[in-house]
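*Asks:* Before we start, here is the structure in question, set down as C-alpha cells.
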Amino acid sequence: EYDFYFQTVLLLDAGADRDAANGDGQPAIKGIEGTKVGFEAWDNPVTILRAADDREQLNLAMTRLEQADPKEVDKAMLAQVGMAKRKACKTAWDSDRFANIMRRF
136 EYDFYFQTVL LLDAGADRDA ANGDGQPAIK GIEGTKVGFE AWDNPVTILR
186 AADDREQLNL AMTRLEQADP KEVDKAMLAQ VGMAKRKACK TAWDSDRFAN
236 IMRRF
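Just add 135 to the spot in the sequence shown (first one is 1) and you have the working numbering.
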C-alpha cells in the first residue's frame, strides 16, 4: 500500500467518497488491505512527512507533528522518516525544527 497524503487530500477535496468500499469491503480511506489506520493512517503526521517533497509540504507535515498527540506518533518511525527526508530534501529541510519535534516525543 502507498502513502499518498497529498493526492488523497486532492481527491477528497474534489468530492471522492472516503467510505467507498473495494471488492473486499475495505473503505477507500483505509487502503486496499484496510491497514491504513493508527500509525499507518493516511493522515497520520508521520505519513504526511513521508509523503512531503517540497518546502510547503514539509512545513505542513512539521506543523501537524508539532500539533499531534504524542500517542499518535511512532517515535522510531518518525526518526527513520526524518533521516530519509533530511537526505532527500536537503535544501528544504529544517533540521532545528525537526530536532525540536523529536524532543516532543
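C-beta atoms are modelled at their ideal positions from N, C-alpha and C, and glycine is treated no differently.
1. Excluding sequence positions up to five away, which residues of its chain have a Cβ less than 7 Å from the Cβ of A203?
2. Exposed or buried, which one is Y140 when buried takes at least 16 other CB atoms within 10 Å?
3. In whole angstroms, what separates the C-alpha of A227 from that of L193?
4. Spell out a yes or no on whether the stretch 231-240 and the stretch 208-221 are touching, meaning 3 or more CB-CB pairs, one atom from each, closer than 8 Å.
5. Based on DSSP bridge pairs, tell me the residues matched to P162.
*Replies:* According to the data block:
1. P180
2. buried
3. 8 Å
4. yes
5. A156
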